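Data first, discussion second: the structure below is written as structure tokens.
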Amino acid sequence: LIIADHSARTSNKEGREGFDALAQESGLDVVTFRDWKKIEEAEEQAARDGAPREKFVDVEAMIRAGR
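Structure follows, in structure tokens:
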């Protein structure tokens, strides 16, 4: 999403519903706070050797963990 795309839209503030519609229209895969918490939990469960978490290195695997 670039500024030119944003400027071409109306200046009405549509809140969360407007963002969701824009994201869907733009083909974006949105990660919600709830999804992010699931990702965080999966990273913490995968921790090893005293580390607090094992970060995902594959974005698609991370998204799957959040769903």
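The sequence shown begins at 11 in our numbering and counts up one residue at a time. By construction, the Cβ of each residue, glycine as well, lies at the ideal position given by its N, Cα and C atoms. Only a predicted model underlies this, so the values are computations on that prediction, with no experimental measurement involved.
Would residue 75 pass as a contact of residue 48 if the rule is Cβ separation under 8 Å? Taking the first residue of the sequence shown as 1, we reach residue 75 at position 65. Taking the first residue of the sequence shown as 1, we reach residue 48 at position 38. Yes, the pair counts as a contact, with Cβ atoms nearer than the cut-off.
Excluding the 5 residues preceding and the 5 following residue 40 in the sequence, name in chain order all residues of the same chain whose CB lies nearer than 7 Å to its CB. Start at 1 with the first residue of the sequence shown, and residue 40 comes out as number 30. Cβ neighbours of residue 40 beyond the five flanking positions: 33.
Residue 54 and residue 62 look like a contact to me (Cβ under 8 Å); what is the Cβ gap, rounded to whole Å? Translated into the one-based positions of the sequence shown, residue 54 becomes position 44. Translated into the one-based positions of the sequence shown, residue 62 becomes position 52. Yes, they are in contact, since the Cβ atoms of residue 54 and residue 62 sit about 7 Å apart, within 8 Å.
Can you check which of these residues, 23, 35, 30, is closest to residue 42 by C-alpha distance? Translated into the one-based positions of the sequence shown, residue 42 becomes position 32. Nearest C-alpha to residue 42: 30.
Contact set for residue 64: own chain, Cβ-Cβ below 7 Å, skip 5 residues either direction: Position 54 of the sequence shown, counted from the start, is the residue given in the question as residue 64. Counting only Cβ-Cβ distances below 7 Å, and skipping sequence neighbours, we find 53, 56, 57, 58.
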